[in-house]
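Let me begin by presenting the structure, written as structure tokens, before commenting on it.
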Amino acid sequence: MKVIVLGAGVVGVTTAYQLQRDGHDVVVIERQPVAAAETSWGNAGMVAPGHSFVWSSPKAPMTLLKSIVMKDQALRFKFSSDPQLYAWSWRFLLECTVEKARRNTLLKHRLAAYSQSVLHEMLGEESIDYDRNDRGILYFHRSQESLDRGIAQMKLLESDGQTIRVLNRDEVVAVDPSLASVKDKIAGAIHCPTDETGDPAKFTRSLAEKVAERGGMFMTDTLVDGFQTAGNDITGVATSRGIVSGDAYVLALGTWSPKVAGQIGIHLPIYPIKGYSLTIPIGDHKAPPEVAAVDEHNLVAISRFGDRIRVTATAEFAGYDTSHKPSDFAFMKRVTQELYPDGGGYEHAQMWAGLRPMTPTNLPFFGRKKYRNLYLNTGHGHIGWTMSHGSARITADLVAGKSPAIPMEGLLA
Ligand SMILES: Cc1cc2nc3c(=O)[nH]c(=O)nc-3n(C[C@H](O)[C@H](O)[C@H](O)COP(=O)(O)OP(=O)(O)OC[C@H]3O[C@@H](n4cnc5c(N)ncnc54)[C@H](O)[C@@H]3O)c2cc1C
487 MKVIVLGAGV
497 VGVTTAYQLQ
507 RDGHDVVVIE
517 RQPVAAAETS
527 WGNAGMVAPG
537 HSFVWSSPKA
547 PMTLLKSIVM
557 KDQALRFKFS
567 SDPQLYAWSW
577 RFLLECTVEK
587 ARRNTLLKHR
597 LAAYSQSVLH
607 EMLGEESIDY
617 DRNDRGILYF
627 HRSQESLDRG
637 IAQMKLLESD
647 GQTIRVLNRD
657 EVVAVDPSLA
667 SVKDKIAGAI
677 HCPTDETGDP
687 AKFTRSLAEK
697 VAERGGMFMT
707 DTLVDGFQTA
717 GNDITGVATS
727 RGIVSGDAYV
737 LALGTWSPKV
747 AGQIGIHLPI
757 YPIKGYSLTI
767 PIGDHKAPPE
777 VAAVDEHNLV
787 AISRFGDRIR
797 VTATAEFAGY
807 DTSHKPSDFA
817 FMKRVTQELY
827 PDGGGYEHAQ
837 MWAGLRPMTP
847 TNLPFFGRKK
857 YRNLYLNTGH
867 GHIGWTMSHG
877 SARITADLVA
887 GKSPAIPMEG
897 LLA
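Positions 487 to 899 (our numbering) are the ones given, in order, by the sequence shown.
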């Protein structure tokens, strides 16, 4: 078949790769000049099944409320005139029961763990340099009380096969000696030794090159405007370069998917949740992080990509606005600098903001809705790099009419 993939973020490119592997001709349409230029560029790079907890948890309504009343750094809810914000927030709140949070977390963990296995399979076949670090992720806590809560919460993922090690502060420093100077501020950590990190943009661009070398077509600088339809069929995609037609179509436009799909009556509750990142050159600094970490108290994530540190933080409701100013990064920079005083050239940090394509359940949409030959692979939220590889394989299987390798109950649109 000729399959048209809309969007060249990590989700679109991994999907194109899996479709091509199955023998299809692929065309990828992307409005940016290169792949991974939007949300897939600046994320924390964590391939982290151990981070599969949904944000729509029983704690979330109170956290949201507090963020409105107090000036919170990690979560910034802002009122706006956008009716989509309220419709989405209502659906999000409905997912915040104990039972739904548990169910959604387990579904997400299943998908994330499967996705990591697909990534490993791919790495066995392809040579991709993306500053991979497979020494796990340290989820560290600053008080014993918080650590105990974290351990209790992690039991859920452990029951689903996640490997977990509980570390005291000496053991944390043994895993990453660069945390030695702040040892007394850390109560302990949950180490997920099988979680890993790597630069998502480097990975995506390298994979896109491979797809192109093998005959895949990338239509960059090309805006998708809408669809041409006939009955239950999509007959073409309307783009800034004219109509592009194929046998099947995959929607992988991240936060922009609902805008395009809405034009043909497919309503997807995906809302942009803004996050910020810093990319810090290590240069001659002597004690950069050696293992990725999440500071669970400050909700700051830190990864090491070769000669750079990537730091991310914040969930902000700001619509589609990706602008940023230095003060947006002050808190995360201070936290990182305190943790790794000789970690990198903080004064040369590159600033970035991007939009997580969040769904109320925190689970992406797969499968078909309304049209016979339009497949959804979108809405991957806060761990889309983690879930992309498996999501791509699932989508390729659905296009081929095969059953995906994991049960899809609860994951289909
Ligand atoms: C601060 C932050 C930290 C994160 N950390 C992690 C992490 O550590 N681990 C993890 O797994 N995930 C993380 N994520 C989430 C992850 O980045 C996303 O889930 C993932 O990148 C989504 O990929 P995507 O391909 O769906 O979207 P995108 O990367 O946004 O790709 C969509 C593509 O569609 C294109 N497009 C949109 N509209 C059109 C149009 N009309 N015409 C043509 N092209 C169009 C865009 O240009 C874009 O390239 C983080 C996100 C943020 C913001």
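For glycine and all other residues, C-beta sits at the position ideal for the given N, C-alpha and C.
Exercise. Are there three or more Cβ pairs, one per stretch, closer than 8 Å when the stretch 622-634 is compared with the stretch 694-706?
Worked result: no
Exercise. In chain order, what residues of the same chain have a beta carbon less than 7 Å from the beta carbon of A724, not counting five sequence neighbours either side?
Worked result: D711, G712, F713, Q714
Exercise. Just to confirm, does I798 get its C-beta within under 7 Å of one of the non-hydrogen atoms of ligand 1?
Worked result: Residue 798 is actually Thr in this sequence, not Ile. Checking the Cβ of T798 against ligand 1 gives yes.
Exercise. Would E782 be called buried (16 or more neighbouring beta carbons within 10 Å of its own) or exposed?
Worked result: buried
Problem set entry | Beta-carbon proximity check, F704 vs A698, cutoff 8 Å | yes
Exercise. Would T525 pass as a contact of G740 if the rule is Cβ separation under 8 Å?
Worked result: yes
Problem set entry | Nearest-angstrom Cβ-Cβ length linking G896 and A738, presumed shorter than 8 Å | About 20 Å; that fails the 8 Å criterion.
Exercise. Between the C-alpha atoms of A546 and C582, what's the straight-line distance to the nearest angstrom?
Worked result: 7 Å
Exercise. Near I752, which residues of its chain fall below 6 Å by C-beta distance, leaving aside the five closest residues on each side in sequence?
Worked result: K855, K856
Exercise. Looking at I869 and A598, is the spacing between their C-beta atoms short of 8 Å?
Worked result: yes
For this session: Return yes when at least one heavy atom of ligand 1 lies under 7 Å from the C-beta of T583, else no.
Result: no
Problem set entry | Length at least 4, wholly inside the stretch 676-735: the alpha helix (DSSP H) runs in chain order | 686-699
Problem set entry | G636 beta carbon less than 8 Å from that of I672 | no
Exercise. From I880 to A891, what distance separates their C-alpha atoms?
Worked result: 7 Å
For this session: Using DSSP bridges, identify the partner residues of G636.
Result: G636 pairs with nothing; no bridge assigned.
Exercise. Any idea if V499 is buried or exposed, counting beta-carbon neighbours within 10 angstroms, 16 or more meaning buried?
Worked result: buried
Exercise. Using a Cβ-Cβ cut-off of 8 Å (strictly less than) and excluding sequence neighbours within five positions of Q639, which residues of its own chain qualify?
Worked result: F539
For this session: Mark H606 as exposed unless 16 or more other C-beta atoms lie within 10 angstroms of its C-beta, in which case mark it buried.
Result: exposed
For this session: Measure from the alpha carbon of R655 to the alpha carbon of each residue in D681, E682, Y625, then state which is nearest.
Result: Y625
Exercise. Three-state secondary structure (DSSP) at H771?
Worked result: coil
Exercise. Relative to the C-alpha of R589, which residue among K888, N848, V885 is closest?
Worked result: N848
Problem set entry | Neighbour-count burial assignment, D681, 16 or more Cβ in a 10 Å radius | buried
Exercise. Hey, is Y762 close to ligand 1, as in C-beta under 7 Å from one of its heavy atoms?
Worked result: yes
For this session: Count the C-beta pairs between the stretch 751-770 and the stretch 501-518 that are closer than 8 Å, then say yes if the count reaches three, no if not.
Result: no
Exercise. Which residues in the same chain have their Cβ closer than 7 Å to the Cβ of R618, if we skip the five residues on either side of it in sequence?
Worked result: E682, G684
Exercise. Hey, would you say the C-beta of T847 is under 7 Å away from at least one heavy atom of ligand 1?
Worked result: no
Exercise. N863: buried (16+ other C-beta within 10 angstroms of its C-beta) or exposed?
Worked result: buried
Exercise. Expressed to the nearest angstrom, what Euclidean distance is found between the alpha-carbon atoms of M873 and A560?
Worked result: 23 Å
Exercise. In whole angstroms, what is the alpha-carbon distance linking I623 and P686?
Worked result: 16 Å
For this session: Indicate, with yes or no, if ligand 1 has a heavy atom lying under 7 Å from the CB of H868.
Result: yes
Problem set entry | Those runs of the alpha helix (DSSP H) which lie wholly inside the stretch 611-656 and span at least 4 residues | 630-644
For this session: Within the same chain, show all residues whose beta-carbon is closer than 8 Å to that of F852, passing over the 5 residues directly before and after it, in chain order.
Result: Y861, L862, N863, S877, I880, T881, L884, M894, L897, L898, A899
For this session: Enumerate in chain order the residues of its own chain whose CB-to-CB distance from R794 is below 7 Å, with the five nearest sequence positions on each side excluded.
Result: T765, I766, P767, I768
For this session: Return yes when the C-beta of Q518 is under 7 Å from any heavy atom of ligand 3, and no when it is not.
Result: Among the ligands modelled here, namely ligand 1, ligand 3 does not occur.
Exercise. Run through DSSP, which three-state label would R596 get?
Worked result: helix
Exercise. Taking the Cβ atom as the reference point for each residue, do A530 and T798 lie within a distance shorter than 8 Å?
Worked result: yes
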